[in-house]
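So the protein sequences, as listed, match chains F and R.
FYI, in numbering that gives the first Met the number 0 the residues of the first sequence are 0 to 292.
FYI, in numbering that gives the first Met the number 0 the residues of the second sequence are 0 to 299.
We treat Cβ as the ideally placed atom computed from N, Cα and C, and that holds for glycine.
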Amino acid sequence: MEKRVIFKGWALPLALLLPQLVITGVFFFWPAGQAVYQSFLREDAFGLSRQFVGLENFADVLTDPTWLDALWRSGFFSASVAFLALSVALFLAVQADKHIRGAATYKTLLIWPYAVAPAIAAVLWLFMFHPNIGLFGRMLNAAGIPWNYKLNGDQAMLLVILASAWKQVSYNFIFFLAGLQSIPKSVLEAAAIDGARPARRFWTVVFPLLSPTAFFLLVVNLVYAFFDTFGVIHALTQGGPGKATETLIYRVYTDGVMNLNLGSSAAQSVILMVLVIALTMVQFRYIERKVHY
Amino acid sequence: MHGPLPLPAADVDALARRTRARRRRETLLTHASLVLGVLVFAFPIYLTLIGSTHDVNTIGRGDVPLLPGGEAIANYAQAWSAGGGRYMGVPAAGMLANSLVMALLITLGKIAISLASAYAVVFFRFPFRMLAFWLIFITLMLPVEVRIIPTFQVMVDLQLTNSMAGLTVPLIASATATLLFRQFFLTIPDEYVEAAKIDGAGPLRFFKDVVLPLSVTNIAALFVILFIYGWNQYLWPLLIVNDRSLETIVVGLTKMIGGGDAQNEWNVIMATAVLALLPPVAVVVLMQRWFVKGLTETEK
């Protein structure tokens, strides 16, 4: 859609666009270009000389077993976070959508965790599951289950998954609730009159009507789990113990910031960019179909 | 013809009773599920709040208290004005002020430049208009996380590290806010523009007197979302700032914890965690209506 009636001139609109374009140019396109450029170069240890190495950095990254481990780990982590955060949110949204007393209060009490930063969510879970000072950490140890996420990689992974999903539930809850409220009541009543039980009504009527929301949220949750959980991992485990919680983003950070391996870090960045672009395209293909304006 | 089946009155009563009983059970189950959900989200905060009212030894020993202690004032006073843990001498007051300034600058900056660029794209025709729009749009696909090192190098070249400008300006570009305002501007009737032109109002006047007042709800909704986005920044401040006077509360808190050893000033850390949580949670709860609107409309 375009406006028919418009103002004349081109100097003013360009001046209005300039701040945004300068910032995107300097801080988005220039560094992204640099990442692509550096991914084809290799520097010596002292940064004195650079040489063009073609696709060697990519080949090194893609054949590095520790990188492939991190890839697999990120996939597992993201799928777990998305599944947990989506299923819990859907369950709670269905409950909160029913006609019950205090529904508004429940909604408020389930919405606020959106405001908690991923890193802070991690700190709250640390307080609960620290092996020495955490309530549940101590309980587990007292019950004879050796619990120490700082030594046990599987436990560390479980903890970062739980903390990351915990923070994301309220976001999904808001969208599922909005989706549920937009389902016409007449459809549900028709199903009820036909004698469909609540569970059957949910899976045959409500869930299919919610699937666009669910698909949109799946993409958002995967992006969140891939990129925004850096804070959770940095605050809780720093990628450890060993490399048990090192995701791809954490890996770019350690290789680039800690180990100063610029070529490899740049190649990893480019691979991740391709991934984000793919995910965003999927998301927008879907929006094109759904939203009309 | 088939009428309703003539049921004996006793059966009708029994059926009605069973239905009512089932309804009651279902309602009870719904409440129980929701209460459990609320507890899962509230309990971590409760535990932290309680921990922040005890002395360091109680927590360090591992006696996790479930009821408030008497050290709240001392703990919060220390957190506020002195700091503690593995990151001594960085008081929460300063970090909170930094977070507040950072969040507000990012929020207001994003709103201002997105309003301006959406206005330009919708109400004017000029060369490369769609190219400009797409350039802004594509930034959605370039989150900081995937261009860490080169962006850091640009910051060093521009001498923007360790400065509030470096902390905020690069985060001010906003594809989502521009998209939202563009979408909203397209719904403003053409007649308004015509009327403004007939009255001799120029584009800036039209913006100030018509577009801006119409956008107030959208601005309020975006404010909530963006304030939380700004307050919760983590990787960017971690990279750009190593000057303690510019430390933000979220990054500062994790630095206080360090490796997470049992011997730490957990009481002060928990007090700091509560202080770090309060502002964004307050914004969401107090502005809930705009927040839900902003969230479901910017990202749909």
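When DSSP labels each residue in this structure, what does residue i get in the three-state scheme?
{"i": "Phe28(F)", "result": "helix"}
{"i": "Tyr86(R)", "result": "strand"}
{"i": "Phe6(F)", "result": "strand"}
{"i": "Phe308(R)", "result": "Nothing in the structure corresponds to residue 308(R), since chain R is present only between 0 and 299."}
{"i": "Phe127(R)", "result": "coil"}
{"i": "Pro211(F)", "result": "helix"}
{"i": "Met286(R)", "result": "coil"}
{"i": "Lys289(F)", "result": "At Lys289(F) the pLDDT is 49, less than 50, meaning the model places this residue with poor confidence; the figure from the coordinates comes in the next sentence. Reduced to three states, the DSSP call for Lys289(F) is helix."}
{"i": "His53(R)", "result": "coil"}
{"i": "Glu296(R)", "result": "helix"}
{"i": "Val115(F)", "result": "coil"}
{"i": "Met0(R)", "result": "Low confidence applies here, because Met0(R) scores a pLDDT of 47, under 50, leaving its location unreliable; read the following figure in that light. In this structure, Met0(R) counts as coil in the three-state DSSP scheme."}
{"i": "Gly143(F)", "result": "coil"}
{"i": "Asp193(F)", "result": "coil"}
{"i": "Tyr223(F)", "result": "helix"}
{"i": "Asn263(R)", "result": "coil"}
{"i": "Asn131(F)", "result": "coil"}
{"i": "Lys184(F)", "result": "helix"}
{"i": "Glu1(F)", "result": "coil"}
{"i": "Lys106(F)", "result": "helix"}
{"i": "Thr244(F)", "result": "coil"}
{"i": "Leu61(F)", "result": "helix"}
Spatial neighbours of residue i within its chain, please: CB distance less than 6 Å, with the 5 preceding and 5 following residues excluded, ordered by chain position.
{"i": "Arg288(R)", "result": "none"}
{"i": "His291(F)", "result": "In this prediction, His291(F) scores a pLDDT of 35, lower than 50, which makes its location untrustworthy; no coordinate-derived value is stated."}
{"i": "Gly230(F)", "result": "Pro117, Ala118"}
{"i": "Ala220(R)", "result": "Trp289, Lys292, Gly293"}
{"i": "Arg49(F)", "result": "Leu40, Glu42"}
{"i": "Tyr113(F)", "result": "Ser169, Tyr170"}
{"i": "Phe136(R)", "result": "Ala174"}
{"i": "Ile148(R)", "result": "none"}
Looking only at its chain, what residues have a beta carbon closer than 7 Å to the beta carbon of residue i, apart from the 5 residues adjacent to it on each side?
{"i": "Val281(F)", "result": "Val218"}
{"i": "Ala91(R)", "result": "Ala78, Trp79, Gly82, Ile248, Thr271, Leu274"}
{"i": "Met94(R)", "result": "Glu246, Thr247, Ile248, Gly251"}
{"i": "Met105(F)", "result": "Here residue 105(F) turns out to be Tyr, not Met, going by the sequence shown. Contacts found: Ala95."}
{"i": "Leu48(R)", "result": "Val273"}
Quick test of your reading: residue i and residue j, contact by CB under 8 Å. State the CB separation rounded to the nearest angstrom.
{"i": "Met255(R)", "j": "Tyr86(R)", "result": "4 Å"}
{"i": "Glu42(F)", "j": "Leu261(F)", "result": "6 Å"}
{"i": "Leu16(F)", "j": "Ala119(R)", "result": "5 Å"}
{"i": "Val121(R)", "j": "Arg181(R)", "result": "6 Å"}
{"i": "Ala200(R)", "j": "Asp208(R)", "result": "7 Å"}
{"i": "Ala172(R)", "j": "Thr138(R)", "result": "6 Å"}
{"i": "Leu235(F)", "j": "Ala162(F)", "result": "7 Å"}
{"i": "Val192(R)", "j": "Phe205(R)", "result": "7 Å"}
{"i": "Thr106(R)", "j": "Phe226(R)", "result": "5 Å"}
{"i": "Val39(R)", "j": "Val275(F)", "result": "Actually they are not in contact, since the Cβ atoms of Val39(R) and Val275(F) sit about 31 Å apart, beyond 8 Å."}
{"i": "Ala81(F)", "j": "Glu245(F)", "result": "About 19 Å; that fails the 8 Å criterion."}
{"i": "Ala155(F)", "j": "Gly101(F)", "result": "With a Cβ gap of about 38 Å, Ala155(F) and Gly101(F) do not count as contacting."}
{"i": "Gly133(F)", "j": "Gly241(F)", "result": "Actually they do not touch by this definition, with Cβ atoms about 22 Å apart."}
{"i": "Leu278(F)", "j": "Leu216(F)", "result": "Not confirmed; about 13 Å, so no contact."}
{"i": "Phe6(F)", "j": "Phe132(R)", "result": "Not quite, the Cβ-Cβ distance comes to about 17 Å (not below 8 Å), so this is no contact."}
{"i": "Pro43(R)", "j": "Leu123(F)", "result": "4 Å"}
For residue i, which residues of its own chain have a beta-carbon under 8 Å away from its beta-carbon, when the five flanking residues on both sides are left out?
{"i": "Leu237(R)", "result": "Val250"}
{"i": "Val205(F)", "result": "Val93, Leu179, Ile182, Leu187"}
{"i": "Val52(F)", "result": "Phe39, Leu40, Arg41, Gly262"}
{"i": "Val63(R)", "result": "Leu46, Gly50"}
Grab the span of the beta strand (DSSP E) containing residue i for me, first residue to last.
{"i": "Phe51(F)", "result": "49-51"}
{"i": "Leu65(R)", "result": "That residue, Leu65(R), is in no beta strand (DSSP E); it is neither H nor E in DSSP."}
Give the range of the alpha helix (DSSP H) segment to which residue i is assigned.
{"i": "Glu42(F)", "result": "Unbroken run through Glu42(F) is the beta strand (DSSP E), 40-42; no alpha helix (DSSP H)."}
{"i": "Ser86(F)", "result": "64-95"}
{"i": "Arg17(R)", "result": "8-50"}
{"i": "Asp153(F)", "result": "152-180"}
{"i": "Arg100(F)", "result": "Premise fails: Arg100(F) is in no alpha helix (DSSP H) and is neither H nor E."}
{"i": "Trp79(R)", "result": "71-80"}
{"i": "Val249(R)", "result": "248-256"}
{"i": "Leu104(R)", "result": "91-122"}
{"i": "Arg250(F)", "result": "247-252"}
{"i": "Val256(F)", "result": "First-last for Val256(F): undefined, no H or E at that position."}
{"i": "Val231(F)", "result": "229-235"}
Does the Cβ of residue i lie closer than 6 Å to at least one heavy atom of the ligand ATP?
{"i": "Ala141(F)", "result": "Summarising the ligand content, the structure contains no ligands, and the ligand ATP is consequently not present."}
Is there a Cβ of chain A sitting closer than 7 Å to that of residue i, yes or no?
{"i": "Val280(R)", "result": "Absent from the structure: chain A. Protein chains present are F and R."}
What alpha helix (DSSP H) runs, 4 residues minimum, are completely inside the segment 159-245 of chain R? 163-167, 174-185, 189-197, 202-205, 215-230, 234-239
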